[in-house]
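At position 38 of the sequence shown the residue is numbered 35 (this note's numbering), and the sequence of numbers has no breaks. Think of the CB as a built atom: it goes at the ideal place given N, C-alpha and C, for glycine as much as any other residue.
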Amino acid sequence: MALKNEYLKKVLAEVEKRDAGEPEFIQAVTEVLESLEPVVEARPELEKLNVVGRITEPERFIQFRVPWVDDNGNVQVNRGFRVEFNSAIGPYKGGLRLHPTVCTSVIKFLGFEQCFKNALTTLPMGGGKGGSDFDPKGKSDMEIMRFCQSFMTELCRHIGPDTDVPAGDIGVGGREIGFMFGQYKRIRNEFTGVLTGKGLTYGGSLARTEATGYGLCYFTEEMLSCMKGDSFKGKTVVISGSGNVAIYATEKATQLGGKVVALSDSNGYIYDPNGINLDVVKQIKEVERGRIKEYAARVPGSVYTEGCKGIWTIKCDIALPCATQNELDEESAKVLVANGVMAVAEGANMPSTPGAIEAFQSAGILFGPAKASNAGGVATSGLEMSQNSQRLSWTFEEVDAKLKNIMVTIFHDSYNAAKKYGMEGNLVAGANIAGFEKIADAMIAQGVC
Ligand code: NDP
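The structure is reproduced here in structure tokens:
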């Protein structure tokens, strides 16, 4: 869809010029700007105060060297990043990703999306993101620790419980957060809620591990119920990935009565027509840190296929992409539609390409965009921050109930924002608008800064 509004065209042209060579960031900005046309038409102050121009430029971008020593005594060097994108509604908040594909463009697209997602949670959190091109695969625990300590030695200058609160993302789970937290505490000599996703013995929140996957299913259940009068019950579900988000989406989708029949990793996918045995998956992925391929060797009746894209050829009612950006393209989307999919909700960040989203929307498929549907992780991180500030911990049930309530609210806020601007049912536009308006109002109130 080409932009029509002159102001938005000008902002996008500026981003394309200034950030040429950052395709993921430009993709994310384009999608948001396309949703904002009716909003900037209705609210001239947005152009007058150049709110969109300011919101597409990070407040701060930090890049640094991360030297560390491997088990053979060789000195390795990686590149570390932190983008502090927007602090209009609270301290910067967003995960850290460790993956060889991490670069300026990926960190900026993730940080930009995070601003709107965090606004949607209704909690006071600004947007940020960070990480490194370090590849944790095949590294020993001691190598991971040395890397994390070196990474935090620099990052600790820029973060703090009221300034910027990182969390996990791809390649960063409880182990890595523990190493980073230990190093922060050692350097700064303070025990604070500077990171979320911490272990339960040192300030972590119950239900944080489950939160993104569970939240995705709570959102999807509400979307099915309100827009189709339906639910997970009796539905066949395909979930890509087999990391944190995919595992807990599988758990909740199953609890809600769905049958999850496929999971994947970056090498291939498993298909189990009897429904995924999650205990086996957790043993392979969480305990042994192994490959999803091993599932087929352990569970009779299941099959493994090389190549991850083929997962979208499996017939299903609900598809939940939970692996990585741009993993579901237009061709795959058309196959899903032809096979009768009724709902797609994104667990990963920006997993569907623009062509895929267009294919779903034009076929009338319910589509939950990442900013809204995977906000449960950061929402629960926000709850972890609240517990840390109050020096207390809530029960699993308390956190889970708050998470569910937040996800239901996000669905309705997105749905209502789309309806208000004449795009009823378009949750991509609704989520972008609802998140944007909250940040924009705060930015306007705080003056040009
Ligand atoms: P993990 O590192 O725990 O898992 C990522 C999974 O995706 C792994 O199984 C990985 O396989 C797989 N994967 C990576 N690339 C591909 C690919 N091209 N095709 C198929 N599978 C692939 O990360 P998370 O589960 O935490 O994160 C997954 C997504 O969810 C990311 O986009 C992340 O930004 C997003 N997200 C995560 C949140 C969280 O709370 N954890 C919160 C909100 C969003 P392999 O082992 O082969 O690399």
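C-alpha gap between residue i and residue j, whole angstroms
{"i": "G226", "j": "C214", "result": "16 Å"}
{"i": "I403", "j": "T119", "result": "8 Å"}
{"i": "K312", "j": "N385", "result": "44 Å"}
{"i": "K60", "j": "E19", "result": "Residue identity differs from the one stated: residue 60 is Gln in this sequence, not Lys. The straight-line gap from Cα to Cα measures roughly 15 Å."}
{"i": "L0", "j": "E38", "result": "12 Å"}
{"i": "V338", "j": "R286", "result": "31 Å"}
{"i": "F144", "j": "V300", "result": "37 Å"}
{"i": "V29", "j": "P318", "result": "20 Å"}
{"i": "G127", "j": "L192", "result": "12 Å"}
{"i": "M177", "j": "L33", "result": "38 Å"}
{"i": "E434", "j": "Y199", "result": "36 Å"}
{"i": "R517", "j": "S147", "result": "Given that the chain is displayed from residue -2 to residue 446, the structure contains no residue 517 and the question cannot be resolved."}
{"i": "S84", "j": "T310", "result": "42 Å"}
{"i": "A25", "j": "E110", "result": "7 Å"}
{"i": "I436", "j": "S411", "result": "15 Å"}
{"i": "V48", "j": "I441", "result": "8 Å"}
{"i": "E31", "j": "D132", "result": "35 Å"}
{"i": "E219", "j": "R40", "result": "30 Å"}
{"i": "G171", "j": "E283", "result": "11 Å"}
{"i": "K136", "j": "M142", "result": "10 Å"}
{"i": "G365", "j": "S383", "result": "27 Å"}
{"i": "K399", "j": "I430", "result": "23 Å"}
{"i": "A204", "j": "Y4", "result": "43 Å"}
{"i": "K134", "j": "Y292", "result": "19 Å"}
{"i": "S129", "j": "N75", "result": "7 Å"}
{"i": "L46", "j": "F82", "result": "18 Å"}
{"i": "V258", "j": "K232", "result": "10 Å"}
Within 7 Å, strictly: CB atoms of residue i and residue j
{"i": "I354", "j": "V234", "result": "no"}
{"i": "G304", "j": "E327", "result": "no"}
{"i": "L333", "j": "M224", "result": "no"}
{"i": "L221", "j": "A340", "result": "yes"}
{"i": "F216", "j": "A250", "result": "no"}
{"i": "K381", "j": "S202", "result": "Looking at the sequence itself, residue 381 is Glu, so the reference to Lys does not match. In this structure, S202 lies closer than 7 Å to E381 by Cβ."}
{"i": "L325", "j": "S349", "result": "yes"}
{"i": "I289", "j": "D262", "result": "yes"}
{"i": "V80", "j": "T53", "result": "no"}
{"i": "P88", "j": "D161", "result": "yes"}
{"i": "F106", "j": "E21", "result": "yes"}
{"i": "V66", "j": "G77", "result": "no"}
{"i": "I407", "j": "A369", "result": "yes"}
{"i": "G427", "j": "A116", "result": "no"}
Exposed unless 16 or more other CB atoms sit within 10 angstroms - verdict on residue i
{"i": "P297", "result": "exposed"}
{"i": "M(-2)", "result": "exposed"}
{"i": "M139", "result": "exposed"}
{"i": "I86", "result": "buried"}
{"i": "N264", "result": "exposed"}
{"i": "E248", "result": "buried"}
{"i": "S237", "result": "buried"}
{"i": "I184", "result": "exposed"}
{"i": "V8", "result": "buried"}
{"i": "P55", "result": "buried"}
{"i": "N186", "result": "exposed"}
Assigned secondary structure, residue i (DSSP; H/G/I helix, E/B strand, else coil)
{"i": "E303", "result": "strand"}
{"i": "R79", "result": "strand"}
{"i": "L120", "result": "coil"}
{"i": "Y89", "result": "strand"}
{"i": "Y418", "result": "coil"}
{"i": "I267", "result": "strand"}
{"i": "F357", "result": "helix"}
{"i": "Q252", "result": "helix"}
{"i": "V338", "result": "coil"}
{"i": "R183", "result": "helix"}
{"i": "A372", "result": "coil"}
{"i": "W391", "result": "coil"}
{"i": "D166", "result": "strand"}
{"i": "F148", "result": "helix"}
{"i": "G50", "result": "helix"}
{"i": "R286", "result": "coil"}
{"i": "K312", "result": "coil"}
{"i": "I156", "result": "coil"}
{"i": "G125", "result": "strand"}
{"i": "G432", "result": "helix"}
{"i": "A345", "result": "coil"}
{"i": "R15", "result": "helix"}
{"i": "I236", "result": "strand"}
Beta carbon proximity, residue i to chain C, threshold 7 Å
{"i": "R288", "result": "The chain inventory of the structure shown lacks chain C, comprising one protein chain alone."}
Hey, is the stretch 195 to 210 in contact with the stretch 374 to 389, meaning 3+ C-beta pairs nearer than 8 Å?
Taking a cut-off of 8 Å on C-beta distances, the stretch 195 to 210 touches the stretch 374 to 389, as three or more cross pairs fall below it.
Segment contact flag, the stretch 273 to 293 with the stretch 239 to 251, C-beta cutoff 8 Å, min 3 pairs:
Counting C-beta pairs closer than 8 Å gives three or more between the stretch 273 to 293 and the stretch 239 to 251, which meets the contact rule.
For the stretch 165 to 185 and the stretch 79 to 97, state whether three or more C-beta atom pairs, one from each stretch, are separated by less than 8 Å.
yes
At least 3 beta-carbon pairs within less than 8 Å: the stretch 96 to 111 vs the stretch 406 to 423:
no
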